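Numbering (our numbering), first residue to last: 25 to 947.
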């Protein structure tokens, strides 16, 4: 075995020595030393007539890998700067050109040079769109511009690109309001944007070492126009309308090259927000749940605050928010970025829920609920980043995030279970809950470059803490049984104290094996501890106080989870192909320790091999193929492990399971993109999926007294109870295809897309295995105008056919169709009149009786531009002109399918005024 390993390593070394090709690297900057991201760099050899194009990265850097010995012509181009040309020579060693400064262009009076902008360019795995190729109105936002681009979909403020959720948006390669895409896209004007880049941003270590660690996030980088990087711009708006509807927003951006300060603020009661939806829910709300725990799925979800928070789910929200973002470069060595964000939201949600349960006996069991919730949420969020270049060989990067949330809410719900047209039980709940949570995470990276090219050593240290505290009051009146109903009343008070902290480290060393191959060795360790102290007290009639400890609903629990991981990897890279293979061996230990109401502990150790493979093939200058396979493990949350009963809904109970083990997941995707610059077309396709072993599923008993938990708790007759379990058989697949091209006859761009999704989820119902599957096939089109900056329209329609099946009760299988069509039209008329209208048609067919519907939401406004350069506008608008607005949602789980209808905003009129702030220094 040792001889074979020696021969293999010798072959790799000899292969590298024989391959006489070397990389060319460098950076582009302006006269002040600021990097120029998104510049085009061409490399032409004597035998080539057309150069190889690449684009500079966030730091202005570029790389041409694996170039043969010889003389080349280097040409650099960037809007607003004079072209830079240079002759370079590769002579038996990697060539580093260092930082090359480009001079600003010379502007001549009475001379205008115009050329057709290429809409899109594929540069490696980065797709770059030219903003000037997509026309918008002068007051359009970055969100309006991005919505016109192929492979990008924006719905309800959520941004998807190339089939994945966008996790962050950068401006000129720098962070903006942390990882909040919405804050960037809704507060940045489209007119200052030069280019849009879409790519997978790797972790700090992966960017430095060149080894794909699978920890990438879909990222959009907005490259601003050079003339917009020195000045002030923003917008202020205020409006008031019928039934005391109001809206006020403002943002101000002060750019001074590298130094940038941004301020945003808003207040309204019409569900408008210029920040991520997660901020309305804060730290714990994004995990789901809330005061009510409906259905069998509740026990299998990851809830960090359980029934101590009234979560905001749609409804009507009044929001007040303030934020500030700052980035700068201090000297030549230190780059800083920081942001602070605050929001307060007051939400009112009324919902009607219908659930159809699955079971082996074919019983027609349904749950119907009506509820109303009112909640107030306060959220503070801080984010910071320091990038300190110690010297040419050493760099330190620190990133930190902190959030604090306070959630207060009240909720009433009225639910009943019907079996074969007979009422099985019913409940009337009143819940008051107060919750506070804090979350703090830090990461420190040290990156060292040895004298030998690509020989590196890097360390990542990370840690955080997340305490949560809450109280609640629950009053419920319940009726169980059909022939001789049994009525009960509950009055309880709950206390919650959760603690969580974690630390980790990752060490990685890379060694070049020639010019095309590189070896990596890594070691990673982590430790996490979670503790949950949940106490429930019954009301004492004699003392008129909540002082009777209910041991059945109380629990003190803690778990420790530690991992150690060691592995190695190889990467091969040439002009067209990059292959990265890694294999890690992971040891993990999970210790559970319960101390109340009785002592119990469990210990589990796991050995796993975690392989990964990434292949990127750049078949031509316009094509890119990427294939990725990786494996990972998932740890159950403390609320899934804590064996305590949750009776916030007395007829749908949930409990934890201390015997859960970690889940093991295989995931893969393959995506291909092709850009045709001559036809200005884009083709993109993706296929992916995952398979999970020991999936964290749910086990439900339709009668709680038949559950093994009945030996531990006094469970009511006829109530359902659910707890999480590990099951195999969970997998999913998805497919996406997009083709975008211009339609010259309409002066517009047309994007066509096809999609398909399939998922299978296992679950236990009365100890019988059920496999619930969901299939969704969709087709869509988006037609966006590209006429002028005075006429702008878009027509988008997406249709989906959905198939829901389960193996236990096929007669409950359900197929339904839903479609959304939207038309936006904006027209700047003579004398500064602006007409805007948008229509959204929503259709549902095949849902639960009474939930099928279709409606048309029609909004309209007329405005008048005022002041110099039309910077001001007086506007009269109407929301929901036809009074048809509605909200509907279908969810399919392994134990039921659910239809939910929620209250929405109704018709209102508003008169508003807005003013655009612009002041840029002349170039």
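C-beta atoms are modelled at their ideal positions from N, C-alpha and C, and glycine is treated no differently.
All values derive from a computational prediction rather than experimental measurement.
_Endpoints, the beta strand (DSSP E) within which residue 359 is located_ = Walking along the chain shown from the start, residue 359 turns up at place 335. Taken as a continuous stretch (DSSP letters only), the beta strand (DSSP E) holding residue 359 covers 358 to 381.
*So residue 168 is in the alpha helix (DSSP H); what residue range does that whole segment cover?*
The residue labelled residue 168 in the question sits at position 144 within the chain shown. 166 to 170 is the span of the alpha helix (DSSP H), which, as asked, contains residue 168.
*Would a C-beta distance cut-off of 8 Å place residue 342 and residue 936 closer than the cut-off?*
Sequence index remark: in the chain shown, residue 342 carries index 318 (1-based). Sequence index remark: in the chain shown, residue 936 carries index 912 (1-based). Cβ atoms of residue 342 and residue 936: not closer than 8 Å.
*Does the region 593 to 601 touch the region 694 to 708, meaning 3 or more C-beta pairs lie closer than 8 Å?*
Cβ pair count under 8 Å is below three, so no.
*State the Cα-Cα distance for the pair residue 814 and residue 860, rounded to the nearest angstrom.*
In the chain shown, the residue the question calls residue 814 occupies position 790. In the chain shown, the residue the question calls residue 860 occupies position 836. When rounded, the distance between both Cα atoms is 11 Å.
*Hey, how far is the Cα of residue 171 from the Cα of residue 109?*
Locating residue 171 in the chain shown gives position 147, counting from the first residue. Locating residue 109 in the chain shown gives position 85, counting from the first residue. Whole-angstrom Cα-Cα distance: 36 Å.
_Rounded C-alpha distance that separates residue 684 from residue 613_ = Your numbering for residue 684 matches position 660 in the chain shown. Your numbering for residue 613 matches position 589 in the chain shown. Roughly 13 Å separates the two Cα atoms.
*Determine the direct distance from the alpha carbon of residue 395 to that of residue 334, and round the result to whole angstroms.*
Taking the chain shown and counting its residues from 1, one reaches residue 334 at position 310. Taking the chain shown and counting its residues from 1, one reaches residue 395 at position 371. Summary for residue 334: the model assigns pLDDT 44, below 50, so the residue's position carries little reliability, and this model does not support an answer.
_Three or more C-beta pairs under 8 Å: does that hold for the region 237 to 252 against the region 189 to 203?_
yes
*Cβ atoms of residue 549 and residue 561: under 8 Å apart, would you say?*
Here residue 561 corresponds to residue number 537 of the chain shown, with the count starting at 1. Here residue 549 corresponds to residue number 525 of the chain shown, with the count starting at 1. Not closer than 8 Å, so no.
*My guess is that residue 451 and residue 673 are in contact by the Cβ rule of under 8 Å, so how many angstroms apart are they, rounded?*
The count along the chain shown starts at 1 and reaches residue 451 at position 427. The count along the chain shown starts at 1 and reaches residue 673 at position 649. Indeed, because the Cβ distance is near 7 Å, the residues count as touching under 8 Å.
*Determine, using beta carbons only, whether residue 581 and residue 633 come nearer to each other than 8 Å.*
Along the chain shown, one-based indexing puts residue 581 at 557. Along the chain shown, one-based indexing puts residue 633 at 609. Going by C-beta atoms, residue 581 is not nearer than 8 Å to residue 633.
*Are there three or more Cβ pairs, one per stretch, closer than 8 Å when the region 768 to 778 is compared with the region 883 to 897?*
They do not touch, by the three-pair rule.
*Proximity winner among 215, 409 and 876, relative to residue 259 (alpha-carbon distances)*: Reading the chain shown from its first residue, position 235 is the one you call residue 259. Nearest C-alpha to residue 259: 215.
*Contact check, residue 658 vs residue 713, beta carbons under 8 Å*: Position 634 of the chain shown, counted from the first residue, corresponds to residue 658. Position 689 of the chain shown, counted from the first residue, corresponds to residue 713. Using a Cβ distance threshold of 8 Å, residue 658 and residue 713 do not count as a contacting pair.
*asked:* Between residue 608 and residue 595, how many whole angstroms is the CB-CB distance? I'm expecting something under 8 Å.
replied: For the purposes of this step, residue 608 is identified with residue 584 of the chain shown, where counting begins at 1. For the purposes of this step, residue 595 is identified with residue 571 of the chain shown, where counting begins at 1. Actually they do not touch by this definition, with Cβ atoms about 15 Å apart.
*Who are the Cβ neighbours of residue 586 in its own chain at under 8 Å, not counting the five residues just before and after it?*
Within the chain shown, the letter at position 562 stands for residue 586. Answer for residue 586: 549, 550, 551, 552, 612 and 613, listed in chain order.
_Residues near residue 228 in its chain [Cβ-Cβ closer than 6 Å; skip 5 each side]_ = Numbered from 1 along the chain shown, position 204 holds the residue referred to as residue 228. Around residue 228: 421 and 469.
*Inter-residue Cα distance where the pair is residue 368 and residue 398*: On the chain shown, position 344 is the one that residue 368 refers to. On the chain shown, position 374 is the one that residue 398 refers to. About 14 Å.
*Cβ-based neighbour list, residue 284, same chain, cut-off 6 Å, excluding 5 preceding and 5 following*: Residue mapping note: residue 284 aligns to position 260 of the chain shown, counting from 1. Taken in chain order, the residues that qualify are 351.
*For residue 753, the nearest candidate out of 793, 565, 901 and 711 (CA to CA)*: As a position in the chain shown, residue 753 is number 729, starting the count at 1. For the residues 793, 565, 901 and 711, the minimum Cα distance to residue 753 belongs to 793.
*Can you tell me the Cα-Cα spacing of residue 526 and residue 597, whole angstroms?*
Here residue 526 is taken as the residue at index 502 of the chain shown, counted from 1. Here residue 597 is taken as the residue at index 573 of the chain shown, counted from 1. If I take the Cα positions, the gap works out to 36 Å.
*At a cut of 8 Å, does the region 473 to 492 reach the region 503 to 510 through at least three beta carbon pairs?*
no
*Below 8 Å on the Cβ atoms is my guess for residue 839 versus residue 887; work out the distance and round it to an integer in Å.*
On the chain shown, position 815 is the one that residue 839 refers to. On the chain shown, position 863 is the one that residue 887 refers to. Not confirmed; about 45 Å, so no contact.
_Assuming residue 277 and residue 256 are in contact, meaning their beta carbons sit under 8 Å apart, how far apart are those beta carbons, in whole angstroms?_
Residue 277 sits at position 253 when you count from the first residue of the chain shown. Residue 256 sits at position 232 when you count from the first residue of the chain shown. The pair is a contact, with the Cβ atoms about 7 Å apart (cut-off 8 Å).
_Residue environment, residue 868, which counts as buried when at least 16 other CB atoms sit within 10 Å_ = Residue mapping note: residue 868 aligns to position 844 of the chain shown, counting from 1. Residue 868 comes out buried.
*residue 502 and residue 449: beta carbons closer than 8 Å?*
One-based indexing of the chain shown puts residue 502 at position 478. One-based indexing of the chain shown puts residue 449 at position 425. The answer is yes: Cβ separation under 8 Å.
*Compute the Euclidean distance between the alpha carbons of residue 250 and residue 143, then round it to the nearest angstrom.*
The residue labelled residue 250 in the question sits at position 226 within the chain shown. The residue labelled residue 143 in the question sits at position 119 within the chain shown. For residue 250 and residue 143, the distance between alpha carbons rounds to 19 Å.
*If you pair each beta-carbon of the region 532 to 541 with each one of the region 472 to 484, do three or more pairs fall below 8 Å?*
yes
*Does the region 739 to 749 come close enough to the region 176 to 185 that 3 or more CB-CB pairs lie under 8 Å?*
no
*Does the beta-carbon distance from residue 361 to residue 290 come in below 8 Å?*
Numbered from 1 along the chain shown, position 337 holds the residue referred to as residue 361. Numbered from 1 along the chain shown, position 266 holds the residue referred to as residue 290. Their beta carbons are not under 8 Å apart, which means residue 361 does not touch residue 290 by this criterion.
*Going by Cα to Cα distance, which pick from 505, 460 and 404 is closest to residue 523?*
Taking the chain shown and counting its residues from 1, one reaches residue 523 at position 499. Per the Cα distances, 460.
_Contact check, residue 50 vs residue 107, beta carbons under 8 Å_ = Indexing the chain shown from 1 puts residue 50 at position 26. Indexing the chain shown from 1 puts residue 107 at position 83. In this structure, residue 107 does not lie closer than 8 Å to residue 50 by Cβ.
*Using a threshold of 8 Å, state whether the C-beta atoms of residue 199 and residue 409 are closer than that.*
On the chain shown, position 175 is the one that residue 199 refers to. On the chain shown, position 385 is the one that residue 409 refers to. Their beta carbons are under 8 Å apart, which means residue 199 touches residue 409 by this criterion.
*Under the rule that 16 or more other beta-carbon atoms within 10 Å means buried, what is residue 945, buried or exposed?*
What you label residue 945 is simply residue 921 of the chain shown in a count that begins at 1. When all chains shown are included, residue 945 counts as exposed.
_C-alpha distance - residue 731 paired with residue 650, whole-angstrom precision_ = Counted from its first residue, the chain shown places residue 731 at position 707. Counted from its first residue, the chain shown places residue 650 at position 626. Taking the straight line from one Cα to the other gives about 48 Å.
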